[in-house]
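Here is the structure we will look at, set down as C-alpha cells.
Residue numbers (our numbering): 4 to 432.
Below you can see the structure in the form of C-alpha cells.
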C-alpha cells in the first residue's frame, strides 16, 4: 500500500541532522525526497567515513532519498534549482538567516516560481530576534535553551558538557519540522495555498523541557523560588558552574529525594535496573518485591517529613538498603519479580544491542535496507504504525552524485544539457 504522502515531491537542501532527518521522516511517509548536495557533499559523509563519501551517520540520516550534486554558487546551478522547484511540493533548508537569499533560494524567490510551494526553514535560533543571525548547532541549542543545565553533566574540571546520548535539539527539530510539513500539506489540500514554515533548534530544545521552562507562580513560590534565589547568590559571588548546578537542585532535591528512591536506577549483580514508580501503589509494589518493611522504609508514612532536619539521612539509609538488595540478584530475576508485582521497571540496555531486541523487533522498528555500495544494513525505521497507509523505509542513502543525471532527465533535461552543465561546474563533482 502506498504511504500517505505518495506523490508528494520534496526537494531538500539540508545537511548534518535536523534537516536531513526531517527528509527521512517524509520519505518514510511515501514522499519522493531528492537531496541536493554541494560539490563538497553533506558534512556527515566524512564523519567516520569507511569508504570515500560514505559513513554510518550519512546512511542513517539520509536513507530513503535520491541525491544530486548542484553548485548553487554558479548561475547555472541556481537556474537548475529554479527550474526544478516548479515541479516540487516541499522545499527543506537548514541554513543561517541570510544564506538562502545569497543563494537565490529564499522563500520569496521560490514562491514566485511556485505559489503552492511549502517551504520549511530550520535555523538555530529562529528567523528574528537578537540571536537570529548567530551560528548554531545542537550543542549550542542545548546550552542556550537550558537543556544542558537540566541534564546537570559536568566534566572532571567542573565545566559544562553536552548531552551525549543523542542530539536532542536536532532530533526534536526534525520531528517538529516533519509534523509542520504534513500540517501544511493538509492545509494546502483544503485551500490550495502553500506557505512558509519556520522551525528552530532552540524551539525544539525548549519543547523537550517545557516543564522546567514553565512558570506557575502559585506553585513556583514554594518549589522554585528558593532555587532561583540560591542560583542568583552563586552568580553574585562569582561561584563555579558546579556550584550553580548544586544551587539549582538543592531545594528540589531535598523535597524530591524520597520520591526518587523508586524513580531512578540501581546496580544489580550483573548490570543495572531502572525504576519508574511515583505513585504510592507502585512504590509499595517495589517494596514488596524487595521485601522491605515499613520500618526499613518509613518515607511513605505520615511520620516522615521531607523538610524536617535529618530527613536526608533517613532517605540515604533507605537508599543503601535498596541498593544492597538489588546488588544481591541478577537483572533478569529482578525484572521478573517487579513485572510480577506490576511495578514499572526495566533493565538498562545498551543502544548497540537494541537492533536485535525482541520487543524492538516485535513493534517493527528496525528496517532492513540494501545499500548498493555496502550491502545489507539494519537501522531504525518508522516507529509508528498506520493501518491504511503504512509508513516504511523506502531505501538506502544516496550515493554521492549518484542520481543527478536521472533527476535532471525526469525534469526535461537532455543528455547534451547535462554534459554542458557538468562542464560548467553547475552539477556533479
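Yeah, the Cβ is synthetic: ideal placement off N, Cα and C, and Gly gets one too. Please read all numbers here as calculations on a predicted model, not as lab measurements.
Cβ pair residue i, residue j closer than 8 Å
i, j, result
"residue 202", "residue 169", "no"
"residue 66", "residue 410", "no"
"residue 206", "residue 129", "yes"
"residue 283", "residue 300", "no"
"residue 396", "residue 370", "yes"
"residue 1", "residue 81", "Any property of residue 1 remains undetermined from this structure, which presents the chain solely from 4 to 432."
"residue 211", "residue 150", "yes"
"residue 121", "residue 24", "no"
"residue 13", "residue 91", "yes"
"residue 401", "residue 59", "no"
"residue 403", "residue 6", "no"
"residue 421", "residue 83", "no"
"residue 363", "residue 276", "no"
"residue 361", "residue 31", "no"
"residue 86", "residue 414", "yes"
"residue 88", "residue 125", "no"
"residue 77", "residue 428", "yes"
"residue 172", "residue 135", "no"
"residue 62", "residue 374", "yes"
"residue 42", "residue 432", "yes"
"residue 157", "residue 245", "yes"
Opposing strand residues paired with residue i [DSSP bridges]
i, result
"residue 199", "122"
"residue 73", "430"
"residue 58", "Partner(s): none; residue 58 has no beta bridge."
"residue 269", "276"
"residue 16", "96"
"residue 348", "278"
"residue 39", "71"
"residue 163", "157"
Exposed unless 16 or more other CB atoms sit within 10 angstroms - verdict on residue i
i, result
"residue 390", "exposed"
"residue 214", "exposed"
"residue 254", "Confidence is the limiting factor: at residue 254 the pLDDT is only 49, short of 50, which leaves the residue's position unreliable and the question unanswerable from this model."
"residue 15", "buried"
"residue 251", "buried"
"residue 426", "exposed"
"residue 412", "exposed"
"residue 105", "exposed"
"residue 103", "buried"
"residue 115", "exposed"
"residue 417", "exposed"
"residue 379", "exposed"
"residue 281", "exposed"
"residue 217", "exposed"
"residue 2", "Absent from the structure is residue 2, since the part of the chain shown begins at 4 and ends at 432."
"residue 221", "exposed"
"residue 40", "buried"
"residue 334", "buried"
"residue 224", "exposed"
Member of the options whose CA lies at the smallest distance from the CA of residue i
i, options, result
"residue 148", "90, 63, 127, 158", "127"
"residue 357", "383, 422, 333", "383"
"residue 109", "142, 194, 218, 75", "75"
"residue 322", "399, 278, 365", "278"
"residue 139", "100, 211, 112", "100"
"residue 181", "167, 123, 234, 191", "123"
"residue 343", "370, 172, 113, 285", "285"
"residue 72", "375, 290, 406, 376", "406"
"residue 187", "29, 399, 296, 42", "29"
"residue 144", "176, 220, 119, 120", "176"
"residue 294", "276, 311, 337, 13", "337"
"residue 142", "152, 136, 341", "152"
"residue 330", "401, 83, 171, 269", "269"
"residue 288", "320, 275, 339, 385", "339"
"residue 262", "77, 314, 415, 119", "314"
"residue 200", "95, 275, 422", "95"
"residue 291", "334, 85, 345", "345"
"residue 69", "354, 240, 27, 190", "27"
"residue 33", "333, 166, 185", "185"
"residue 119", "398, 312, 136, 93", "93"
"residue 260", "61, 244, 306, 316", "316"
"residue 354", "155, 133, 167, 347", "167"
"residue 160", "154, 306, 424, 243", "243"
"residue 347", "236, 267, 162", "267"
"residue 4", "64, 388, 229, 164", "388"
Which ranges does the beta strand (DSSP E) cover as unbroken runs of at least 3 residues, wholly within the region 84-139, from first to last along the chain?
93-96, 121-126
In chain order, which beta strand (DSSP E) runs of at least 3 residues are fully inside the region 367-405?
369-374, 378-383
List, from N- to C-terminal side, the alpha helix (DSSP H) runs of 4 residues or more that fit wholly inside the region 174-223.
204-211, 213-216
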